[in-house]
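*Asks:* First, the structure itself, so that you have it in front of you.
Protein chains: 2
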Amino acid sequence: EKMQKIADIRYAAALLQWDQETYMPKKGADFRSRQVATLSEFAHQKFTDKSLGDLIRTLSFSGELPEKERANVKLSLEDYERSTRLTPAFVREMAETVSESFNAWIRAREENNFTIFAPSLAKLVNLKRKEAELLGFKAHPYDALLNEFERGCTVELLDGIFNQLREPLNQLIKKIAASEQVDDSFLFQHFPKDEQWKFGMELLAEFGYDLEAGRQDISEHPFTVSFNNKDVRVTTRIDEFNFNNMTWSCIHEIGHALYEQGLPEEEYGLPLGEAASLGIHESQSRLWENNVGRSIAFWEYYYPRLKKYFPRQLGEIDLSQFYKAINKVQPSLIRTEADEVTYHFHVMIRYELEKKLIAGEIEVNDIRDYWNDQYLTYLGVQVPDDKSGCLQDVHWSHGSFGYFPTYSLGSFYAAQFFNKAQDVLPGLNNMISSGNLRVLLEWLRVNIHVHGRMFTSEELCRRICGEGLNTTYFMDYIHNKYGRIYVI
Amino acid sequence: EKMQKIADIRYAAALLQWDQETYMPKKGADFRSRQVATLSEFAHQKFTDKSLGDLIRTLSFSGELPEKERANVKLSLEDYERSTRLTPAFVREMAETVSESFNAWIRAREENNFTIFAPSLAKLVNLKRKEAELLGFKAHPYDALLNEFERGCTVELLDGIFNQLREPLNQLIKKIAASEQVDDSFLFQHFPKDEQWKFGMELLAEFGYDLEAGRQDISEHPFTVSFNNKDVRVTTRIDEFNFNNMTWSCIHEIGHALYEQGLPEEEYGLPLGEAASLGIHESQSRLWENNVGRSIAFWEYYYPRLKKYFPRQLGEIDLSQFYKAINKVQPSLIRTEADEVTYHFHVMIRYELEKKLIAGEIEVNDIRDYWNDQYLTYLGVQVPDDKSGCLQDVHWSHGSFGYFPTYSLGSFYAAQFFNKAQDVLPGLNNMISSGNLRVLLEWLRVNIHVHGRMFTSEELCRRICGEGLNTTYFMDYIHNKYGRIYVI
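Residue numbers (my numbering), protein chains in the order written: chain A, 1 to 488; chain B, 1 to 488.
What follows is the structure in structure tokens.
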């Protein structure tokens, strides 16, 4: 009961943030910051209250609890112990700085000028460094922050994964660059806003998102937010001259939202009512976005429907051309618009940057130069301005450092889960190509969603696949897929 | 600082309620109820905390405070003492029941069936009776509830006012009924939604509402809500076959919103940052809606603009016809659509009903019959269904009993204030007829808005008009105006 009341406050704060990014009038920003900060402070105060800690500890010594309750107690104790390391004053300062930073980021984007964002970001980075100290770490301060999004994730682990993938990915990109290029110019015709919106709403329904337990709105940066599994909202953005923009962010957020709608309602406010980890969350968004949404099977069914929205734009384009175009591989500036292959370089650049930033090896004022230099080195692209460069992501303005690596982990888990689904669900591709996405959703519900935080990412992966995270499945998937598209 | 943090929680709860009535997906209702209830409970807990009470009491003994701080302390002490009469459990139960009732009211309206609403309403009425007991009263339990919206307002006072007005109003209505009737049929042509919306948005700007410190959305029942004076939102509803519906509710809410936007920002979270009373709040909405919005002067300027939105519907209608039509007096079913004269019978019926309900002289199951009977007796109209009868107002579902009388008080204060404004602002009518509403707004800002709760309604009225509430101004105003329109 106590935990659920704390959840009420946290979810109220989440609604205030949703509103801030969708409907809040401009001048309301300052008061909103303090309102969100107060809620965060109270939630933190209540959760770190000694009497709650004592209660959780007492329960953790009880051997009589059924399995799920035992898991709730164990995870609550972990959360409690971690939270008590942060003081109420620190939590409030963080919440206020985050709100301020978000508004600075919006202004900076409007002006296309990183230096407008830099002062609040510098405050935030200092707070995150302090947070790492308070939370504690063994090898690297960034480990403490990574752990916030993906329990047990470390610099050592990620260095291992990325060092292993960097060269093969680079090789594949080079081979693709040397092949005959895909024409995707027709995706950059005029796709009117209203039609895109309707198309997105159809996608939401098509994938099994419950529109009576959620809604879609427009925001600067698309996101999913949940206030309980009966109110899970997504946002999107629409670029009238870029078919990709809305489409992939919409399917991506659908993946997140399906996970949240599938969490067990009776566990509201308790750890088992929460997602396993951000990596697993991203595995859901990536699986629907890439393994399903960018597959030939999905568009066999869906492309004729899409053409009805855009007969003028797509009437002359056949399925094969369309499929190749939506899978075009090309080094680019914007992470959220990147293809499945080059995507991971966007993540690796951010990962290295954050690692250095938190360790104090570079400072906020170095970000622009570092960013632009890395994009040139790894992706061979020249960053023309901040909006296409270091101002493109909302994450830092939210205080989310250590988040980006979960995108790559999500892709790797997604490939591994999808490979397993194809093994155990006979005819899955045929189902997808006949518009039946429910069997796959049900499989994810049963194997992942209903468990909440019962298992760690690694445990979940072992239960489902019989082994832990193995990036071979991802590499096989992209070698196969892009080998065919680019005839390599 | 403590008070402001409590305000943060209250305003967060207000945003949750705004969202509930505008954008919340259907299935989110249950969890939303508990989230609002938790915030209300915490806000109440924090405000009734003994340490805060001690602090306020200590300050109240200090003779050294400047005037405004002294007023804040005095009013906070009153609020504190009143709040401590309600237990946290009672406050939570009330908040949950209100949320449940609101959803039941929505469903009951959809089904056009009061009996769907009745069970939750009965729970709510019982809680309100209990609230009256807890708050305490001298003569009548309803006094305790009236006092929540209008400090010092009593059954004795309202009986006095209404008994005095009932007969003269009745006489006027009879004379009007015996005169040549006004044709307003052209107001019930098709007025497309989008054009009405745009027209409403122009009205908002025209009256001086700051659109960067607020926004308008659609809801079942129009309302104004404030989260601070930089984020004051209004809602409206649109009936495509009724010009009046959106127009008057829009201007009405503008009046409320102008008051909220004019409250002193530096008093956020303190009594002086709040409105004087609901009666004064309604004086602002009524003044703009009726004394300005239904005046010939206003439409001299604004009617040509309106015609641009609806050339087909209003092209052939001249100003005089239009002015008469928007002021047509005719007994009707719906309070919010009633004219300025018959309006007060709607209020009197509700007032008598609530008085009896709280006193236990009638029960919730009697409401429909009582309502329909009174409408026949006083307004001579047959109520065809619940949606046009006892289900028409949102107020009860919000737990607001004792609210309706403030609408009439508001009209009476509005007439008195507007009469004074005409005295002290030379050429006011000419300003209005040339589209200048800012001088009047400024006068209201200086005389009413900036003071917050510094003065009671009665004190405010005396400061502005040199005398307390005097319904003569209202009666003179309607006798004059309608005497001319109906040539009586």
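Ideal placement from N, C-alpha and C gives every residue a C-beta, glycine not left out.
Note that this is a predicted model, so its numbers are computed, not measured.
(1) For B/Met94, decide whether its Cβ has a neighbour in chain A, counting only Cβ atoms nearer than 8 Å.
(2) Classify B/Gln181: buried if its beta carbon has 16 or more other beta carbons within 10 angstroms, exposed otherwise.
(3) For the alpha helix (DSSP H) holding A/Asp476, just list the boundary residues, first then last.
(4) Using DSSP with H/G/I as helix, E/B as strand and the rest coil, what is A/Phe412?
(5) Specify the secondary structure class of B/Phe227 as computed by DSSP and reduced to three states.
(6) Report the residue ranges of all alpha helix (DSSP H) runs contained in full by the segment 27-77 of chain A; include only those spanning at least 4 residues, in chain order.
(7) Following the continuous beta strand (DSSP E) through A/Gln216, name the residue where it begins and the one where it ends.
(8) Report buried or exposed for B/Gln553, applying the criterion of at least 16 other Cβ atoms within 10 angstroms of its Cβ.
(9) Report buried or exposed for B/Glu289, applying the criterion of at least 16 other Cβ atoms within 10 angstroms of its Cβ.
(10) Closer than 8 Å, CB to CB, is B/Asp194 near chain A or not?
(11) Can you give me the start and stop residues for the alpha helix (DSSP H) that B/Thr84 sits inside?
(12) Which residue or residues does DSSP assign as beta-bridge partners of B/Val234?
(13) By how many angstroms is the C-alpha of B/Leu86 removed from the C-alpha of B/Leu55?
(14) Locate the alpha helix (DSSP H) running through A/Glu131, then write down its first and last residues.
(15) One question on the structure: do B/Ser83 and B/Pro271 come within less than 8 Å of each other, judged by their Cβ atoms?
(16) Who are the neighbours of B/Gly214 on chain A, taking C-beta pairs under 9 Å?
(17) To the nearest angstrom, report how far apart A/Ser179 and A/Tyr323 are at their CA atoms.
(18) From A/Ala257 to A/Val234, what distance separates their C-alpha atoms?
(19) Does B/Lys230 have its Cβ less than 8 Å from a Cβ in chain A?
(20) If I'm right that B/Ala14 touches B/Ser99 with Cβ under 8 Å, what's the distance once you round it to whole angstroms?
(21) What residues in its chain sit with their C-beta under 7 Å from that of B/Pro412, if we drop five residues either side in the sequence?
(22) Closer than 8 Å, CB to CB, is A/Ala275 near chain B or not?
(23) On the criterion of 16 or more Cβ atoms from any shown chain inside 10 Å, does B/Pro141 qualify as buried, or is it exposed?
(24) Expressed to the nearest angstrom, what Euclidean distance is found between the alpha-carbon atoms of B/Gly269 and B/Ala43?
(25) Anything in the segment 1-18 of chain A with a Cβ closer than 7 Å to a Cβ of chain B? List those residues in chain order, please.
(26) Short of 9 Å Cβ to Cβ, which residues in the segment 30-50 of chain A face chain B?
(27) Relative to the alpha-carbon of B/Cys465, which residue among B/Ile448, B/Asn480, B/Met454 has its alpha-carbon at the smallest distance?
(28) For B/Cys250, name the three-state secondary structure that DSSP assigns.
(29) Is it buried or exposed, A/Ile173, if we count other Cβ atoms within 10 angstroms and call 16 or more buried?
(30) Between which two residues does the alpha helix (DSSP H) containing A/Asn447 stretch?
(31) Under three-state DSSP, which class holds B/Asp373?
(32) For B/Cys465, report the span of its alpha helix (DSSP H) as first-last.
(33) Determine the closest residue to B/Arg34 out of A/Ile6, A/Phe61, A/Asn126, with distance taken between C-alpha atoms.
(34) Does the beta carbon of B/Phe322 come closer than 8 Å to any beta carbon on chain A?
(35) Can you give me the start and stop residues for the alpha helix (DSSP H) that B/Met496 sits inside?
(36) Taking Cβ positions only, does A/Tyr268 come closer than 8 Å to chain B?
*Replies:* So, from the listed chains and residues:
(1) no
(2) exposed
(3) 472-485
(4) helix
(5) strand
(6) 29-47, 50-60
(7) 216-218
(8) Outside the modelled stretch of chain B, which goes from 1 to 488, sits residue 553 of chain B, for which no answer is possible.
(9) buried
(10) no
(11) From DSSP, B/Thr84 is part of no alpha helix (DSSP H); its letter is neither H nor E.
(12) B/Gln216, B/Thr224
(13) 20 Å
(14) 114-135
(15) no
(16) Pro25, Lys27, Gly28
(17) 17 Å
(18) 7 Å
(19) yes
(20) In fact, because the Cβ distance is near 13 Å, the residues do not count as touching under 8 Å.
(21) One point to set straight first is that residue 412 of chain B is Phe, not Pro, in the sequence displayed. Taken in chain order, the residues that qualify are Leu469, Thr471, Phe474.
(22) no
(23) buried
(24) 12 Å
(25) Lys5, Asp8, Ile9, Tyr11, Ala12, Leu15, Leu16
(26) Asp30, Phe31, Arg32, Arg34, Gln35, Val36, Ala37, Thr38, Leu39, Glu41, Phe42, Lys46
(27) B/Ile448
(28) helix
(29) buried
(30) 438-447
(31) helix
(32) 457-465
(33) A/Ile6
(34) no
(35) Within the shown structure, residues of chain B are numbered from 1 to 488, placing residue 496 of chain B beyond reach of any answer.
(36) yes
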